[in-house]
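Below you'll find the structure, written out as structure tokens, and then a few comments.
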Amino acid sequence: MKKLILVVALSLAAAVCATAQDLSILSKAARMAYDWLASEGYKPSIDEDNDVAFKVQGEYFYIDNDTDDPTLLRFLVPNVYEVDFSDEDQVMNALLACNEFTRTKKLVSAAINRAGGITFYASTYVAAGNGDMSEFMETAIDFITRGIKSWLELYNEYAEDEGN
Amino acid sequence: MKKFILAVALSLATAAFALAQGDVAKLSTATRLAYDYLNQKDYPNAIDDDNDVQFVVKNRGFYLLNTPKDPTLLRISMPSVYNVDLDDAAQVLASLKATNMYNRKMKLIKPALSDDGEIFFFADTYVGTAKTVEDVSEYMDCVIDFMFQAIDKWLEYFKEAYNN
Numbered sequence: 005m006k007k008l009i010l011v012v013a014l015s016l017a018a019a020v021c022a023t024a025q026d027l028s029i030l031s032k033a034a035r036m037a038y039d040w041l042a043s044e045g046y047k048p049s050i051d052e053d054n055d056v057a058f059k060v061q062g063e064y065f066y067i068d069n070d071t072d073d074p075t076l077l078r079f080l081v082p083n084v085y086e087v088d089f090s091d092e093d094q095v096m097n098a099l100l101a102c103n104e105f106t107r108t109k110k111l112v113s114a115a116i117n118r119a120g121g122i123t124f125y126a127s128t129y130v131a132a133g134n135g136d137m138s139e140f141m142e143t144a145i146d147f148i149t150r151g152i153k154s155w156l157e158l159y160n161e162y163a164e165d166e167g168n
Numbered sequence: 113m114k115k116f117i118l119a120v121a122l123s124l125a126t127a128a129f130a131l132a133q134g135d136v137a138k139l140s141t142a143t144r145l146a147y148d149y150l151n152q153k154d155y156p157n158a159i160d161d162d163n164d165v166q167f168v169v170k171n172r173g174f175y176l177l178n179t180p181k182d183p184t185l186l187r188i189s190m191p192s193v194y195n196v197d198l199d200d201a202a203q204v205l206a207s208l209k210a211t212n213m214y215n216r217k218m219k220l221i222k223p224a225l226s227d228d229g230e231i232f233f234f235a236d237t238y239v240g241t242a243k244t245v246e247d248v249s250e251y252m253d254c255v256i257d258f259m260f261q262a263i264d265k266w267l268e269y270f271k272e273a274y275n276n
């Protein structure tokens, strides 16, 4: 029995150590974001690319773990919509919608990625000693979540204009 | 004569000060912090008729957009980065592609094409509970530096898109 308890305890300790090691690979900004997300109940995890991942209203949000730029914090919500690169009109309307979205929205931007997926972004700089990131985090999550819907509306407007 | 010049100079200085004081009171929390940062750095600046703050760094004009209804939003804008000929479809497409590429690959700065063909850059963040110039100065330093880098990067993307 004692052996079993010891094995279980060691396994748990190993698991805890593994998690701690994972967190140690995060940049300063990603770590601050991870801690904030965990404290707010978002249940963040670290994915295979070592980025921070979490889910909001069915969409996967990621936070870049960019150790070359440790104080830059960037949210990504990739591939929310898909664009067919073989359809020139679709590409043009998506480019116009991304531009309009980025121009008119606070904080967030949208772009077509290499694979044709529409990705949403928000980024900031985490200053030294600035521990209060609540407002940025809350606003970025809220604006991206709402922005996903409004991007589609913009796209549809451009598509309709083209049809008229 | 000297007395007259001194009197005029003092009157002008007093008038300018009074005007600045009046306008300063209308700045939002975030804009006021950034405005104080500009003065601390001795960057030439003036509050315009819309109560936005215009300032100059290395001969480049910038704006701090004043949003009293969203008092903790800090928006820094660099206008007139490039003028796109809207009658030239290839230029419009290249500028949209360059803007898309920048938003996809780079952080912090958002380029966009305006309705009158102007490419401008801006960066948004929320200052949260920041109360002193020191709380925003690293962010300001970083954004201004990134804006200058963004000009070359955007132009590189634009030329690449235009030539393909």
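If you read the sequences in order, they're chains H and A. The opening position of the first sequence corresponds to residue 5 in this note's numbering, with each subsequent residue numbered one higher. The opening position of the second sequence corresponds to residue 113 in this note's numbering, with each subsequent residue numbered one higher. Cβ atoms here follow ideal geometry from the backbone N, Cα and C, with glycine treated the same way.
CB contact check: Arg144 of chain A to chain H, cutoff 8 Å: Translated into positions along the second sequence, residue 144 of chain A becomes position 32. Chain H contact via Cβ: absent.
If I follow the unbroken beta strand (DSSP E) through Asp236 of chain A, where does it start and stop? As a first step, residue 236 of chain A is located in the second sequence; it is residue number 124 there, counting from the start. Asp236 of chain A -> beta strand (DSSP E) spans Glu230 to Tyr238.
Once you ignore the five residues that flank Ala146 of chain A on each side, which residues in its own chain have a CB closer than 8 Å to its CB? The sequence position of residue 146 of chain A within the second sequence is 34, counting from 1. So the qualifying residues of the chain are Val165, Leu176, Leu186, Ile188, Val248 and Met252.
Which same chain residues end up closer than 8 Å to Gly121 of chain H when comparing Cβ atoms and leaving out the 5 residues on each side of it in sequence? As a position in the first sequence, residue 121 of chain H is number 117, starting the count at 1. Excluding sequence neighbours, Gly121 of chain H sits near Pro82, Asn83, Val84, Tyr85, Glu86 and Val87.
Using a Cβ distance threshold of 8 Å, determine whether the segment 196-214 of chain A contacts the segment 69-76 of chain H, with at least three qualifying pairs required. no
Under the rule that 16 or more other beta-carbon atoms within 10 Å means buried, what is Thr143 of chain H, buried or exposed? Numbered from 1 along the first sequence, position 139 holds the residue referred to as residue 143 of chain H. Buried is the call here.
Using beta carbons (cut-off 8 Å, strictly below), is Arg107 of chain H in contact with chain A? Translated into the one-based positions of the first sequence, residue 107 of chain H becomes position 103. Judged by the 8 Å Cβ criterion, Arg107 of chain H is in contact with chain A.
CB-CB under 7 Å to Ser31 of chain H, same chain, minus the five flanking residues each way: which ones, in chain order? Position 27 of the first sequence holds residue 31 of chain H. Here the set comprises Asn69, Asp70, Thr71 and Pro74.
Interface residues of chain D facing Ile152 of chain H [CB-CB closer than 9 Å]: Among the protein chains in the structure shown, which are H and A, there is no chain D.
Which residue spans inside the segment 130-218 of chain A form an unbroken beta strand (DSSP E) run of at least 3? 157-159, 165-169, 172-177 and 185-195
Cα-Cα separation, Ala206 of chain A to Ala273 of chain A: Start at 1 with the first residue of the second sequence, and residue 206 of chain A comes out as number 94. Start at 1 with the first residue of the second sequence, and residue 273 of chain A comes out as number 161. So the alpha carbons of these two residues sit roughly 5 Å apart.
Output yes if chain H places a C-beta closer than 8 Å to the C-beta of Ala202 of chain A; else output no. Locating residue 202 of chain A in the second sequence gives position 90, where the first residue counts as 1. No, because no Cβ of chain H sits closer than 8 Å to the Cβ of Ala202 of chain A.
Looking at the strands, I want to know which residues DSSP matches up with Ser49 of chain H. Looking up residue 49 of chain H in the first sequence gives position 45. In the DSSP output, where bridge partners are listed per residue, Ser49 of chain H has H:Ala57.
Euclidean distance between Cα positions of Phe140 of chain H and Leu220 of chain A: Counting from one through the first sequence, the residue named residue 140 of chain H turns up at place 136. Counting from one through the second sequence, the residue named residue 220 of chain A turns up at place 108. Roughly 13 Å separates the two Cα atoms.
8 Å is my cut-off, CB to CB: does Tyr155 of chain A come that close to chain H? In the second sequence, residue 155 of chain A corresponds to position 43, counting from 1. No, its Cβ sits nowhere closer than 8 Å to a Cβ of chain H.
With a threshold of 8 Å between beta carbons, is Glu268 of chain A in contact with chain H? The sequence position of residue 268 of chain A within the second sequence is 156, counting from 1. Output row for Glu268 of chain A: interface = no.
Does chain A have any CB closer than 8 Å to the CB of Phe140 of chain H? Position 136 of the first sequence, counted from the first residue, corresponds to residue 140 of chain H. Cβ-Cβ to chain A under 8 Å: yes for Phe140 of chain H.
According to DSSP, which residues form a beta bridge with Ile116 of chain H? For this step, residue 116 of chain H is matched to residue 112 along the first sequence. Note: Ile116 of chain H sits in a beta bridge opposite H:Ile122.
Where Ser127 of chain H and Gly151 of chain H are concerned, what is the direct C-alpha to C-alpha distance, given to the nearest angstrom? Counting from one through the first sequence, the residue named residue 127 of chain H turns up at place 123. Counting from one through the first sequence, the residue named residue 151 of chain H turns up at place 147. C-alpha separation (whole angstroms): 15 Å.
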